[in-house]
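Chains as they are written, first to last, in the numbering used here: chain A, 1 to 328; chain B, 1001 to 1324.
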Amino acid sequence: MSEPLLKVENLKKYFPIKRGIIETLRRAPVRYVKAVDGISFEIKRGEVLALIGESGCGKTTAGRTILRLIEPTDGRIIFDGVDITKLSREELRPFRRRMQIIFQDPYASLSPRMKIGDAIAHPLLVHGLADKEEAKELALKMLRRVGLTPEDEFYERYPHHLSGGQRQRVVIARAMILKPEFVVADEAVSMIDVSMRAAILDLLESFRKEYNMSQLFITHDIAVGKLIADRIAVMYLGKIVEIGPTDEVLKNPAHPYTMALIQAVPSIARKKERKIEITGEVPNAANPPSGCRFHPRCPLATEECKSKEPELIEVSHEHFVACHHPLR
Amino acid sequence: MLLEVKDLSIYYYTLSGVVKAVEGVTFSIDEKEWVTFVGESGSGKSTVASAIIRLVPPPGKIVSGQIMFEGKDLLKLSEEEMRQIRGKDISMVFQDPMTSLDPLRKIGDQLVEAMTVHGVDEDEAKERAKELLEKVNIPPDRFDYYPHQLSGGQRQRVSIAIAMAFNPKLLIADEPTTALDVIVQDSIMDLIQSLKEEGTSIFFVTHDISLAAERSDKIAVMYAGKLVEFGTVEQIVENPLHPYTQALLNSVPDLWTEKPVKAIPGYPPDLRNPPRGCRFHPRCHIFAEKGELKGLCDAEEPMMIEYEKGHFVACHLYGGSRNE
Chain A
1 MSEPLLKVEN
11 LKKYFPIKRG
21 IIETLRRAPV
31 RYVKAVDGIS
41 FEIKRGEVLA
51 LIGESGCGKT
61 TAGRTILRLI
71 EPTDGRIIFD
81 GVDITKLSRE
91 ELRPFRRRMQ
101 IIFQDPYASL
111 SPRMKIGDAI
121 AHPLLVHGLA
131 DKEEAKELAL
141 KMLRRVGLTP
151 EDEFYERYPH
161 HLSGGQRQRV
171 VIARAMILKP
181 EFVVADEAVS
191 MIDVSMRAAI
201 LDLLESFRKE
211 YNMSQLFITH
221 DIAVGKLIAD
231 RIAVMYLGKI
241 VEIGPTDEVL
251 KNPAHPYTMA
261 LIQAVPSIAR
271 KKERKIEITG
281 EVPNAANPPS
291 GCRFHPRCPL
301 ATEECKSKEP
311 ELIEVSHEHF
321 VACHHPLR
Chain B
1001 MLLEVKDLSI
1011 YYYTLSGVVK
1021 AVEGVTFSID
1031 EKEWVTFVGE
1041 SGSGKSTVAS
1051 AIIRLVPPPG
1061 KIVSGQIMFE
1071 GKDLLKLSEE
1081 EMRQIRGKDI
1091 SMVFQDPMTS
1101 LDPLRKIGDQ
1111 LVEAMTVHGV
1121 DEDEAKERAK
1131 ELLEKVNIPP
1141 DRFDYYPHQL
1151 SGGQRQRVSI
1161 AIAMAFNPKL
1171 LIADEPTTAL
1181 DVIVQDSIMD
1191 LIQSLKEEGT
1201 SIFFVTHDIS
1211 LAAERSDKIA
1221 VMYAGKLVEF
1231 GTVEQIVENP
1241 LHPYTQALLN
1251 SVPDLWTEKP
1261 VKAIPGYPPD
1271 LRNPPRGCRF
1281 HPRCHIFAEK
1291 GELKGLCDAE
1301 EPMMIEYEKG
1311 HFVACHLYGG
1321 SRNE
């Protein structure tokens, strides 16, 4: 078994809640939103882990904390054997090149005043990997590689000339030009029409093969996870509630929440079927429920679930679930 | 027939040219029927939705066609008569509930106002508003909440509650779940379905054909401003005729099948200058493979034909050229 490329150990990110003037005067204690509350997982070289959950579950914060775009509150991030949790900005620089991020909104992640070719060449210049001419050459090659041809014409265009799908190709090209070993793709296809998603996912898949690149693919859509991920991790209110091989999790979901996510996905092939009825919406992360955080919405919840927090246990090979009453 | 739209064309007169957003669209919706319009961004599906209530955003203009609702042509009504219909006989729900809810007013008051403008007295409206909130699963104590105090899903429930106030004959829902998580989406779809079961017809718009397939009675597929196929869900899903419909069905991931997912190559055309002939021909794999289609698909626009009962398609593969 080879060393994993990325190891995340008990990672936490708490955001302080701003106090009002009265609370400050009364010296009320600072309260926190526990956006990520102790998650652990590993990603091997060339492996894709899909991190799945609803808005507010902490998946985006997790992705950004792993790249140290935001500072973790606690826990360790080990990249290629090096603990990068405490590295200084300067020490982190060589790692930045090896780890990239693709954001959800291709409209917000490109500068409107920069030609897209220059935007793609830019990271090479920032990291001092090429001079201007070489960078342009490589950017042209990359434009071609992501299907924006004729490339010399696209090089000169500005983002507003492009459709959402084309912009997302630019964003991917910019991230891929550094040949990263690890990429966080944060809802990389959710703002794109369903009909265009497959093409973007194919593109990412081709880079994974070419660079043997690992991915943390963050999405709210478990069907997208099925397409691209080797393993799936399901997050709920800052915790990973289930993690395992994609096929296994989809065929035999053990957590009632995972089951709820799966059965909510619309399908062409199948009429709606509900094995489990869940109620309500995700509660406020500033004040999560006691015990198992899912218990107020769970039809299977018992007294135990209200008081005791479940630990991740292995239910089948490499398939873990944090639930007192796993489905079987 | 509750709604009959005939030969509807809508153009946007922009500074950079005339965008032919919708051209020659004809379809109908029966009582208690759920019809879903599917297509990519820019296919004109939302523009059709806005035309039915005569709220095409400027610089858009309805340039031709008829919209017959219960036998009256909505395009011939005065603005005052139209206002009587909107929110009462025909109501609407949009993608972003924040665009239809007033951020500065309590949700209960907004519900009440939606009824008082149509002449319901205040006390009765208050009573009904509480009932409606309960119906859409919002605790009645939220009556005095402002929209920002609710989650996205709850806001959409409020806008559905407003749309339900008069048990409308037709509900227009334009991508009402696109901004929501899947579980919330599912519950909003349940809510719309319950409305249908109470007798409301649904005009639903989405870019996700699997969402269309799951609940609708009929599906209309739009491409680049044209209606290319129309039929029952079974007809469209089991026997898709138009190459675009087939491509659309193959492009969505599905948890319950192992079929490979295939992207549709290329991009939708610029509607200031749409391709000649069939607007889909530059992306059509059948056109690319079959040499004999040259001079037909790229020259002559296919007409809508009825391939089997209730199943319409506009594609030269099934006839539909003028000289046949």
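Yeah, the Cβ is synthetic: ideal placement off N, Cα and C, and Gly gets one too.
{"Item": "Note down the Cα distance separating E1324/B from A1247/B, rounded to an integer number of angstroms.", "Value": "Low per-residue confidence applies at E1324/B: pLDDT is 46, beneath 50, and the placement is therefore not dependable enough to give any value."}
{"Item": "Name the chain A residues that come within less than 7 Å of V1237/B, Cβ to Cβ?", "Value": "I268"}
{"Item": "State the CB to CB distance for the pair I1138/B and M1092/B, rounded to an integer number of angstroms; the pair is presumed to be in contact (CB under 8 Å).", "Value": "Not really, about 19 Å apart at Cβ, beyond 8 Å."}
{"Item": "In this structure, what does DSSP give as the bridge partners for T219/A?", "Value": "I52/A"}
{"Item": "Could you tell me whether the Cβ of G20/A comes closer than 8 Å to any Cβ of chain B?", "Value": "no"}
{"Item": "Are there 16 or more other CB atoms within 10 angstroms of the CB of A119/A, so buried, or fewer, so exposed?", "Value": "buried"}
{"Item": "Report yes if the CB atom of A185/A is closer than 8 Å to the CB atom of I77/A, and no otherwise.", "Value": "no"}
{"Item": "State yes or no: is the beta carbon of E181/A nearer than 8 Å to at least one beta carbon in chain B?", "Value": "no"}
{"Item": "Using a Cβ-Cβ distance cut-off of 8 Å, determine whether I1053/B contacts chain A.", "Value": "no"}
{"Item": "Within the continuous alpha helix (DSSP H) that includes G165/A, where are the two ends?", "Value": "164-176"}
{"Item": "Between E277/A and the rest of its own chain, which residues show a CB-CB distance below 8 Å, the 5 nearest in sequence each way excluded?", "Value": "P299"}
{"Item": "Enumerated in chain order, which unbroken segments of the alpha helix (DSSP H) with a length of 4 residues or greater are wholly contained in the region 1055-1135 of chain B?", "Value": "1079-1085, 1107-1116, 1122-1135"}
{"Item": "Thinking just about the alpha-carbon of each residue, which of Y1244/B, L1227/B, E1131/B, E1031/B is nearest to the one in M1303/B?", "Value": "L1227/B"}
{"Item": "Counting along the chain, where does the alpha helix (DSSP H) carrying T65/A start and finish?", "Value": "59-66"}
{"Item": "Determine the burial state of M1189/B: buried for a count of at least 16 other Cβ atoms within 10 Å of its Cβ, exposed for fewer.", "Value": "buried"}
{"Item": "Any beta-carbon of chain A closer than 8 Å to the one on P1253/B?", "Value": "yes"}
{"Item": "Here's the rule: buried if 16 or more other CB atoms are within 10 angstroms of the residue's CB, otherwise exposed. What is M1/A?", "Value": "Here the model assigns M1/A a pLDDT of 48, short of 50, so the residue's position is not dependable, and the following value carries that caveat. By the neighbour-count rule (16 or more Cβ atoms within 10 Å), M1/A is not buried but exposed."}
{"Item": "Once the 5 residues before and after L1008/B are set aside, which same chain residues still bring their CB inside 8 Å of it?", "Value": "V1022, G1024, V1025, T1026, V1048, A1051, I1062, S1064, G1065, Q1066, I1067"}
{"Item": "I believe L1002/B touches S1201/B by the beta-carbon criterion, under 8 Å. Please report the beta-carbon distance rounded to the nearest angstrom.", "Value": "5 Å"}
{"Item": "Return the chain-ordered ranges of every beta strand (DSSP E) run that is complete within the region 1285-1313 of chain B and spans a minimum of 3 residues.", "Value": "1305-1308, 1311-1313"}
{"Item": "Quick one: is K1262/B near chain D, going by C-beta distance under 8 Å?", "Value": "Within the model displayed, chain D is absent; protein chains A and B are what it includes."}
{"Item": "How many whole angstroms separate the CB atoms of L11/A and V36/A, which I take to be in contact at a CB cut-off of 8 Å?", "Value": "6 Å"}
{"Item": "Where does the unbroken alpha helix (DSSP H) through E1229/B begin, and where does it stop?", "Value": "Here E1229/B belongs to no alpha helix (DSSP H); instead the beta strand (DSSP E) covers 1226-1232."}
{"Item": "Since V1035/B and A1220/B are thought to touch, with beta carbons under 8 Å apart, how far apart are those beta carbons, to the nearest angstrom?", "Value": "6 Å"}
{"Item": "Which residues bound the beta strand (DSSP E) around H319/A?", "Value": "319-321"}
{"Item": "If you reduce the DSSP assignment to three classes, tell me which class F1037/B lands in.", "Value": "strand"}
{"Item": "Which residue marks the beginning of the alpha helix (DSSP H) containing L129/A, and which one marks its end?", "Value": "Here L129/A belongs to no alpha helix (DSSP H), and DSSP marks it neither H nor E."}
{"Item": "C57/A and V265/A - do their beta-carbons sit closer together than 8 Å?", "Value": "no"}
{"Item": "Within this structure, are the beta carbons of L124/A and I177/A separated by less than 8 Å?", "Value": "yes"}
{"Item": "Is there at least one Cβ from chain A nearer than 8 Å to V1182/B's Cβ?", "Value": "yes"}
{"Item": "DSSP on P1265/B, reduced to helix/strand/coil?", "Value": "coil"}
{"Item": "Kindly list, in the order they appear in chain A, the residues whose Cβ is closer than 9 Å to that of Y1267/B.", "Value": "S163, G165, Q166, M196"}
{"Item": "Looking only at its own chain, which residues have a Cβ that is under 7 Å from the Cβ of A1179/B, when we skip the five neighbours before and after it?", "Value": "Q1095, D1096, G1152"}
{"Item": "Taking just the CA atoms, how far does E1070/B sit from I1010/B?", "Value": "22 Å"}
{"Item": "Between the region 311-328 of chain A and the region 241-261 of chain A, do three or more beta carbon pairs fall short of 8 Å?", "Value": "yes"}
{"Item": "Does H1207/B come within less than 8 Å of chain A when only Cβ atoms are used?", "Value": "yes"}
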